[in-house]
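*Asks:* Mind the numbering: the sequence shown is residues 1 to 495 in full-length UniProt numbering, read in order.
First, the structure itself, so that you have it in front of you.
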Amino acid sequence: MNKRYLLFRILRSIVSIFLVTTITYVLIYTLVPRNTIFKEDSTYSKLKAHPDELANYENTAFDRMGYIEYLDSRDLVKEVRKEYKEATAKPSKENKSLYQKWAKENGWKLGIFPESGRYYATKDIPLLKRIWNFYSNLIVIDHPWKVKDPSNPDLKRYLKIEKDPMVGWALVGSGTQYKYQIYFNGQFPFIHQNIIHINLGTSYPTFSGQSVSDVLFGGQGQTVSEEITLADGKTMRSSANIYTRQYRDSNKISSREKAMYHDNYVQTKPNYKDPSMISISFRMGALAVVIAYLIGVPMAMVMARLKGKLPDKIGIALVTVMISAPSLAFVYFFRYLGNTLFGLPLSFPTYGAGDIKSYILPTFILGFLNVSGLVIWVRRYMIDQQSADYVKFAKSKGLTSKEISRRHIFKNAVIPIANGIPGSIILSIAGATITETIFAVPGMGKMLPDAILSHNNPLTVAIVFIFTVVGVLAVLLGDLLMVYLDPRIKLSGGD
Numbered sequence: 001m002n003k004r005y006l007l008f009r010i011l012r013s014i015v016s017i018f019l020v021t022t023i024t025y026v027l028i029y030t031l032v033p034r035n036t037i038f039k040e041d042s043t044y045s046k047l048k049a050h051p052d053e054l055a056n057y058e059n060t061a062f063d064r065m066g067y068i069e070y071l072d073s074r075d076l077v078k079e080v081r082k083e084y085k086e087a088t089a090k091p092s093k094e095n096k097s098l099y100q101k102w103a104k105e106n107g108w109k110l111g112i113f114p115e116s117g118r119y120y121a122t123k124d125i126p127l128l129k130r131i132w133n134f135y136s137n138l139i140v141i142d143h144p145w146k147v148k149d150p151s152n153p154d155l156k157r158y159l160k161i162e163k164d165p166m167v168g169w170a171l172v173g174s175g176t177q178y179k180y181q182i183y184f185n186g187q188f189p190f191i192h193q194n195i196i197h198i199n200l201g202t203s204y205p206t207f208s209g210q211s212v213s214d215v216l217f218g219g220q221g222q223t224v225s226e227e228i229t230l231a232d233g234k235t236m237r238s239s240a241n242i243y244t245r246q247y248r249d250s251n252k253i254s255s256r257e258k259a260m261y262h263d264n265y266v267q268t269k270p271n272y273k274d275p276s277m278i279s280i281s282f283r284m285g286a287l288a289v290v291i292a293y294l295i296g297v298p299m300a301m302v303m304a305r306l307k308g309k310l311p312d313k314i315g316i317a318l319v320t321v322m323i324s325a326p327s328l329a330f331v332y333f334f335r336y337l338g339n340t341l342f343g344l345p346l347s348f349p350t351y352g353a354g355d356i357k358s359y360i361l362p363t364f365i366l367g368f369l370n371v372s373g374l375v376i377w378v379r380r381y382m383i384d385q386q387s388a389d390y391v392k393f394a395k396s397k398g399l400t401s402k403e404i405s406r407r408h409i410f411k412n413a414v415i416p417i418a419n420g421i422p423g424s425i426i427l428s429i430a431g432a433t434i435t436e437t438i439f440a441v442p443g444m445g446k447m448l449p450d451a452i453l454s455h456n457n458p459l460t461v462a463i464v465f466i467f468t469v470v471g472v473l474a475v476l477l478g479d480l481l482m483v484y485l486d487p488r489i490k491l492s493g494g495d
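Next up, the structure:
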C-alpha cells in the first residue's frame, strides 16, 4: 500500500465526513423552524398555563440545542452586577434601565417574564458559530486539570497506575472528569478507556437532557443490579456502573456517597439490561451480510456455471420476484411465515434483547433483502470471466466447468466480493430502517426516522454523522482488504 496514497485517502475521507455532516447541519438548522422541536413535547403543552415557566423552559431548550445563549433571572443579575453594582433582581424602572443598557452594550436581547416581571436575556448564536461549536466540542479529552472545583482547592492532580479496590489494576486519575482512565474487565474488548469521549450534543425532546452519545452508545432498558466492592472492601448490590465514576463538586456530595466512595468520584451511570442501539444494529447488520453472502454467492456461482439452463432460469425468476416485490411487502410476508411456521416473535420487545429469538426474523429478512443484488452482481462478474484467456487455457487442460468455476473464476471473484463486504455491513446497518421499524427493534436504523419525526435535531445530525463516518471508513477498509487478499494490487493516486 502506497503510504502517500493512504494519507491522501484518509484526508479525503475527513473532508467527505465534514461536508456531509455540515450540509446536514445547515439544512436542519436553517430550513426547519426551531419551534417545531416542541411539537412532541408533552411538558411544553402542560406549561402553557404558566407563562413564566413556559418561557424559561423554551429558552433553556433552545440554549441546550445551541440556538441561543440564555441567562435566566439569577444568572442575568450576576452578569449585570459585574458592571453595575447597584443592579438588583427587583423589577423597577431603575433596574430596567440598567438591564437595557447592559444588554445593548453586550449584544443581548432583554426579555421580561409575563407573571413575575423579572428579566432574562437571550443572544442568538450565528449559524457559523454553531457549526464551529459542534466540531470544536466534538472530541473531549480528559486530563488532570479538567475539573474546576472552587469548593476543593486542595484537589490533587495526577495520573498513575494502581490497584484500585473497586476495579483492580487501572490508570487512575485525580482532577480528571473520570476516575478510571484505562481499566480492564471481562467485557469485549476487555481493555477500556475514559480518556477520549465523543460529544454529539444533548438530546431533545426525546431522551430529553441525555447526552446524544449516551443515547446511541449507552445501554437500554431496565437497570441491572450486581455485586460491587466498595472502597472500604465491603460489598453491596447496586445498579451503578463503577467504571464510569465521575467527579462531583465537594459541596454537592451527600454523606452516603462519601461513605461509599471515599472521594469526589461519586457520579456514575447505571448498568442496563440491554445493549446499546449501535450494538444491536451492528450485530444484526453483520449477521445479515453473512447470511446474504452465504446464500447469494453459491447461488450466483451455480447460476453462472449453468447459464441458460433450468437452475439459472429458476434463479433469475426468484431474483426478479425479490427485486420486483416492495420491501415492505417482502418484510411482512416473511414475518408472517416466520411467526406461523416457527413461532418466532412478531416484534423485538416480545422477548427482548436477551433472547436470540428476537434477532432471528429481522436479521434473516435483512439478509434476504440483500441477496438479489448480490446474486445479480456476482453472476454477471463470473459470466464475464468465463470468456477470459485463463479460463480458455484451463478448458484446454481438460478441467471441468465445475472445477474451472471453483478453482479459477471464483478465486478471482473473491477479490471484488471481499472489497464490497465492509460496505455491505454498513449499508445493512443504515438500511435497516424498515425491518427495525416493523419489528420495533431499538437500533440505529429505527432511531433515524424517529428522530426526524420527533424533531430531535441533535440526534438526527449525530446519526447522519455516524453513518457518514462508518460509510467512508467502509470504502477505505474495502480497498485495504482487497490489497491484503491480492498483494499484486497496488493502490495509487490514480486509482
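Glycine included, C-beta positions come from ideal geometry on N, C-alpha and C.
Computed from a predicted structure; not experimentally measured.
Enumerate in chain order the residues of its own chain whose CB-to-CB distance from Phe410 is below 8 angstroms, with the five nearest sequence positions on each side excluded.
*Replies:* If we look at Phe410 and ignore the five residues flanking it on each side, its Cβ neighbours are Met301, Met382.
*Asks:* One question on the structure: do Asn199 and Asn241 come within less than 8 angstroms of each other, judged by their Cβ atoms?
*Replies:* In this structure, Asn241 does not lie closer than 8 angstroms to Asn199 by Cβ.
*Asks:* Comparing C-alpha positions only, which one of Arg248, Phe217, Ile141 sits nearest to Pro150?
*Replies:* The shortest C-alpha separation from Pro150 is found at Arg248.
*Asks:* Please confirm whether Thr363 and Met284 have their CB atoms less than 8 angstroms apart.
*Replies:* In this structure, Met284 lies closer than 8 angstroms to Thr363 by Cβ.
*Asks:* Among the residues of its own chain, which have a CB less than 8 angstroms from the CB of Leu171, if the five just before and after it don't count?
*Replies:* Cβ neighbours of Leu171 beyond the five flanking positions: Leu159, Lys160, Ile161, Tyr180, Gln181, Ile182, Tyr183.
*Asks:* Taking a contact to mean a Cβ-Cβ separation below 8 angstroms, would you say Ile376 touches Val331 in this structure?
*Replies:* Not a contact, by the Cβ cut-off of 8 angstroms.
*Asks:* Would you kindly work out how many angstroms separate the C-alpha atoms of Lys234 and Glu115, rounded to a whole number?
*Replies:* Between Lys234 and Glu115, the C-alpha separation is close to 53 angstroms.
*Asks:* Which term fits Phe188, buried or exposed, when burial requires 16 or more other beta carbons within 10 angstroms of its beta carbon?
*Replies:* When all chains shown are included, Phe188 counts as exposed.
*Asks:* Please state whether DSSP places Gly494 in a helix, a strand or coil.
*Replies:* Note that Gly494 scores 49 on pLDDT, short of 50, meaning its location in the model is unreliable; the coordinates nonetheless yield the value given after this. Gly494: coil per DSSP, three-state reduction.
*Asks:* If I follow the unbroken alpha helix (DSSP H) through Ile298, where does it start and stop?
*Replies:* The residue asked about is misnamed: residue 298 is Pro in this sequence, not Ile. Counting along the chain, the alpha helix (DSSP H) containing Pro298 begins and ends at 277-305.
*Asks:* On a CA-only basis, which of His262, Asp63, His455, Leu98 is nearest residue 530? Give me that one, please.
*Replies:* Given a span of 1 to 495 for the chain in the structure shown, any question on residue 530 remains unanswerable.
*Asks:* Would you mind stating whether Asn194 and Asp142 have Cβ atoms separated by less than 8 angstroms?
*Replies:* Yes; because the gap between Cβ atoms is below 8 angstroms, this pair is in contact.
*Asks:* Excluding the 5 residues preceding and the 5 following Val167 in the sequence, name in chain order all residues of the same chain whose CB lies nearer than 7 angstroms to its CB.
*Replies:* Correct list, in chain order: Tyr180, Tyr183, Ile242, Tyr243.
*Asks:* Report yes or no: do the stretch 455-462 and the stretch 470-480 share at least 3 C-beta pairs separated by less than 8 angstroms?
*Replies:* As far as the Cβ criterion goes, the stretch 455-462 does not touch the stretch 470-480, which means the pair count is below three.
*Asks:* Mind the definition here: the stretch 116-127 touches the stretch 59-75 only if three or more C-beta pairs lie below 8 angstroms; say whether that holds.
*Replies:* Short answer: they touch.
*Asks:* Per the contact definition of three or more C-beta pairs closer than 8 angstroms, is the stretch 266-279 in contact with the stretch 216-236?
*Replies:* Yes: at least three Cβ pairs fall under 8 angstroms.
*Asks:* Between Gly354 and the rest of its own chain, which residues show a CB-CB distance below 6 angstroms, the 5 nearest in sequence each way excluded?
*Replies:* Nothing meets the Cβ criterion.
*Asks:* If you draw a straight line from the alpha carbon of Ile295 to that of Lys3, how long is it in whole angstroms?
*Replies:* C-alpha separation (whole angstroms): 37 angstroms.
*Asks:* Between the Cα of Glu226 and the Cα atoms of Ser347, Leu6, Val290, Pro270, which residue gives the shortest distance?
*Replies:* The option with the nearest alpha carbon to Glu226 is Pro270.
*Asks:* Give the list of continuous alpha helix (DSSP H) stretches no shorter than 4 residues that lie fully inside the stretch 345-394.
*Replies:* Qualifying alpha helix (DSSP H) stretches, in chain order: 357-385.
*Asks:* Enumerate in chain order the residues of its own chain whose CB-to-CB distance from Ile316 is below 6 angstroms, with the five nearest sequence positions on each side excluded.
*Replies:* So no residue of the chain qualifies.
*Asks:* Start and end of the alpha helix (DSSP H) containing Ser327?
*Replies:* From DSSP, the alpha helix (DSSP H) with Ser327 extends over 327-342.
*Asks:* Note down the Cα distance separating Arg305 from Leu480, rounded to an integer number of angstroms.
*Replies:* Going by the C-alpha atoms only, they are around 30 angstroms apart.
*Asks:* Thr229 bridges to which residues according to DSSP?
*Replies:* Answer is Thr235.
*Asks:* Sorted by chain position, which residues of the same chain lie with C-beta nearer than 7 angstroms to Ala394's C-beta, five sequence neighbours on each side aside?
*Replies:* Cβ within range, chain order: Ile404, His408.
*Asks:* Please name the residue or residues paired with Thr202 in a DSSP beta bridge.
*Replies:* Bridge partners of Thr202: Ser211.
*Asks:* Among Glu83, Ala292, Thr206, Arg64, whose alpha-carbon lies nearest the alpha-carbon of Glu105?
*Replies:* Comparing Cα positions, the closest option is Glu83.
*Asks:* Could you check if Asp389 is buried or exposed, using at least 16 other CB atoms within 10 Å of its CB as the buried criterion?
*Replies:* Result: exposed.
*Asks:* In this structure, does DSSP put Asn152 in helix, strand or coil?
*Replies:* The answer is coil: DSSP assigns Asn152 none of H, G, I, E or B.
*Asks:* Classify Arg9 as buried or exposed, calling it buried when 16 or more other Cβ atoms lie within 10 Å of its own Cβ.
*Replies:* When all chains shown are included, Arg9 counts as buried.
*Asks:* For my contact list, Asn419 and Ala292 are in at a C-beta cut-off of 8 angstroms; report their separation, rounded to the angstrom.
*Replies:* Actually they are not in contact, since the Cβ atoms of Asn419 and Ala292 sit about 15 angstroms apart, beyond 8 angstroms.
*Asks:* Return the CA-CA distance between Ser208 and Thr202, expressed in angstroms with no decimal places.
*Replies:* Between Ser208 and Thr202, the C-alpha separation is close to 8 angstroms.
*Asks:* Return the chain-ordered list of same chain residues with a C-beta closer than 6 angstroms to the C-beta of Ile228, the five sequence neighbours on each side being excluded.
*Replies:* Hits under 6 angstroms: Ser238, Ile242.
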